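Down below is the structure, laid out as C-alpha cells.
2 protein chains.
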Amino acid sequence: MSEGRAEGVDGRTREALERFERFLHQRDLRLTEARAAIVEAALARQGHYPIDELIADLKQRGIRGSKATVYRTLPLLAEAGILEPAIVAGDARSYETTFGRHHHDHLVCSRCGRVVEFEFEAFEILQREVASRYGFRLEAHHHELVGTCPDCQAGEPPRG
Amino acid sequence: MSEGRAEGVDGRTREALERFERFLHQRDLRLTEARAAIVEAALARQGHYPIDELIADLKQRGIRGSKATVYRTLPLLAEAGILEPAIVAGDARSYETTFGRHHHDHLVCSRCGRVVEFEFEAFEILQREVASRYGFRLEAHHHELVGTCPDCQAGEPPRG
DNA sequence: CTTCATGCAAAAGATTTGCAAGTTC
DNA sequence: GAACTTGCAAATCTTTTGCATGAAG
C-alpha cells in the first residue's frame with residue numbers, strides 16, 4: 001500500500017479496512033493492497049458466498065489477489081470479526097460478511113435455496129440460558145432453519 | 001445378502017436395517033452386505049464422526065465396504081433418516097447417527113472440542129413460530145452453541 | 001536490510017466417477 | 001438374463017504449502 005487507499009469506497013468498507021489494519025498491526029502483520037482488495041470484495045458481497053465466487057469477484061475487479069492469498073486471508077478476516085464461515089450442510093465452504101451488520105440467523109428454502117434473514121431476540125436469551133445451565137461461556141452460535149418457502153409451496157405438485 | 005443378516009446386532013440397529021431396507025425397496029435398490037455393514041458401523045457410533053473414521057471402523061470390523069461405497073451410501077442413509085450431516089464450521093464433513101434418538105442440539109467447546117447435547121423444547125416452539133411468520137414450512141434446523149466449557153475455563157491462563 | 005506477503009506451481013486431501021466383474025431378483 | 005452393486009483406480013475439486021521474488025517498516 002503506497003498511495004491513498006480506499007478511493008471510492010463506502011463508509012462501512014472504510015471502517016472495515018481500519019479495523020482490519022488495527023487487527024493486523026497487533027500481530028505485526030501488514031495491510032497490503034491484496035488484503036485490502038479482498039476486504040473490499042467481501043464487503044461488497046451480500047449474503048453467503050463460496051470462496052471461489054469471491055475469487056471471481058477479485059478477478060473481475062482489479063485483478064489482484066491470487067487464490068492462495070484469498071485462502072490465506074479469509075481466516076484473518078474471520079478472526080478480525082469482519083466475516084464468518086457460514087453454516088455448511090455439506091456443500092462447499094462459504095462465508096458471510098458480518099461487519100457492520102446486525103446479528104441475524106437464517107431461514108433457508110430447501111428447494112430453491114432462497115435465504116431469509118431473521119432476528120429474534122428470544123433465541124439469544126434462551127441460548128445464554130442453556131449455556132449457563134451447562135457452565136459454558138457462550139461465544140457464538142450457528143442457527144439455521146430449513147424449510148420450503150411460500151413460492152415453492154405454491155408451485156408444488158400435488159402430493160403423490 | 002444371502003445368509004441370516006444382522007446376527008449379534010442390537011434392536012436399534014435391527015430396526016435401522018429394516019427401515020433402510022424399506023427405503024431402498026421403494027427405489028428398487030437393494031440392501032446388500034456392504035450397505036448393511038455401513039448401517040451397523042454407523043449405528044455403533046456415538047456423536048459426530050468424520051467419514052474416514054467410519055471407513056476405519058469398517059476396516060477394523062468385517063473388512064467390507066470400500067471408501068467409494070461408503071461415500072455412495074451415506075447420502076442414502078441421510079435420506080432414509082438414519083443419519084444426518086453434522087454442522088460443519090469449516091472442518092471435514094461429518095455425520096451423526098440420529099435414528100432412534102431424541103432430537104437434540106449441541107453445545108461445543110471451542111477449546112477442547114467437547115460436545116454436550118441439549119434438548120430445549122422452547123427452541124422448537126419458537127422455530128415453528130419464526131418459520132410460520134415467513135410462510136415457510138419448517139423441515140429441519142441446525143442449531144449449535146459455541147463456547148468455553150467449565151473445565152477449559154478453569155484451566156485458563158489469567159487474562160493478559 | 002529484515003521481516004512479511006505474494007504468486008505460482010506442486011502437493012495433499014477429499015470426494016466423485018468410469019468401468020469390468022460380481023450379486024441379487 | 002436384466003438391473004443393481006462393488007471395488008479399484010483414475011479423474012476432479014478444494015485447500016494447503018514450498019519457494020523465489022517483491023513490498024513494507
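The listed protein sequences derive, respectively, from chains A and B.
Sequential numbering from 1 applies to the first sequence in the UniProt record's numbering.
Sequential numbering from 1 applies to the second sequence in the UniProt record's numbering.
The C-beta atom is built at its ideal place from N, Cα and C for all residues, glycine as well.
If you're wondering where the values come from, they're calculated on a predicted model, not measured in any experiment.
In angstroms, rounded to a whole number, what distance separates the CA positions of residue i and residue j?
i: V130(A); j: Q60(A); result: 45 Å
i: Y71(B); j: R30(A); result: 42 Å
i: E119(A); j: H102(A); result: 9 Å
i: L24(B); j: I125(A); result: 43 Å
i: V108(A); j: Y49(A); result: 14 Å
i: G4(A); j: S94(A); result: With a pLDDT of 45 at G4(A), under the threshold of 50, the modelled position of that residue is not reliable, and the figure given next carries that caveat. Distance between the alpha carbons of G4(A) and S94(A) is about 31 Å.
i: E33(A); j: E156(A); result: 49 Å
i: F20(B); j: F136(B); result: 29 Å
i: Y134(B); j: P150(A); result: 8 Å
i: R53(A); j: G47(B); result: Note on residue identity: the sequence assigns Glu, not Arg, to residue 53(A). Roughly 33 Å separates the two Cα atoms.
i: A68(B); j: R35(B); result: 12 Å
i: E79(A); j: Q153(B); result: 20 Å
i: E117(B); j: G81(B); result: 19 Å
i: G11(A); j: G113(B); result: 38 Å
i: A37(A); j: D28(B); result: 53 Å
i: P85(B); j: Q26(B); result: 23 Å
i: E18(B); j: V9(B); result: 12 Å
i: G100(B); j: R14(A); result: 52 Å
i: E121(B); j: I51(B); result: 30 Å
i: T148(B); j: S132(B); result: 33 Å
i: R64(A); j: F123(A); result: 41 Å
i: H106(B); j: V115(B); result: 6 Å
i: R22(A); j: E96(B); result: 40 Å
Counting only beta-carbon separations shorter than 7 Å, does residue i have a partner in chain B?
i: G147(A); result: yes
i: P150(A); result: yes
i: Q127(A); result: yes
i: S132(A); result: no
i: L74(A); result: no
i: E53(A); result: no
i: I38(A); result: no
i: G11(A); result: no
i: R22(A); result: no
i: L77(A); result: no
i: R137(A); result: yes
i: S110(A); result: yes
Considering only the beta carbon of each residue, do residue i and residue j sit closer than 7 Å?
i: L58(A); j: A41(A); result: yes
i: L83(B); j: T98(B); result: yes
i: E139(B); j: S110(A); result: yes
i: I87(A); j: H142(B); result: yes
i: Q127(B); j: L145(A); result: yes
i: A56(A); j: V39(A); result: no
Are the C-beta atoms of residue i and some chain A residue less than 7 Å apart?
i: A122(B); result: yes
i: S94(B); result: no
i: V116(B); result: yes
i: G160(B); result: Only weak support is given to the placement of G160(B): the predicted model assigns it a pLDDT of 42, under 50, and the value that follows is read from those uncertain coordinates. Chain A contact via Cβ: absent.
i: E144(B); result: yes
i: L17(B); result: no
i: H141(B); result: yes
i: I82(B); result: no
i: L43(B); result: no
i: L29(B); result: no
i: L107(B); result: yes
Can you tell me where the beta strand (DSSP E) holding residue i begins and where it ends?
i: H48(B); result: 48-50
i: F118(A); result: 115-118
i: V108(B); result: 105-109
i: E96(A); result: 94-97
i: E84(A); result: 83-85
What span of residues does the alpha helix (DSSP H) with residue i cover, start to end?
i: E18(B); result: 11-26
i: L74(A); result: 67-79
i: R35(A); result: 33-44
Q: Entirely within the region 120-151 of chain B and at least 3 residues each: give me those beta strand (DSSP E) ranges in chain order.
A: Correct list: 137-148.
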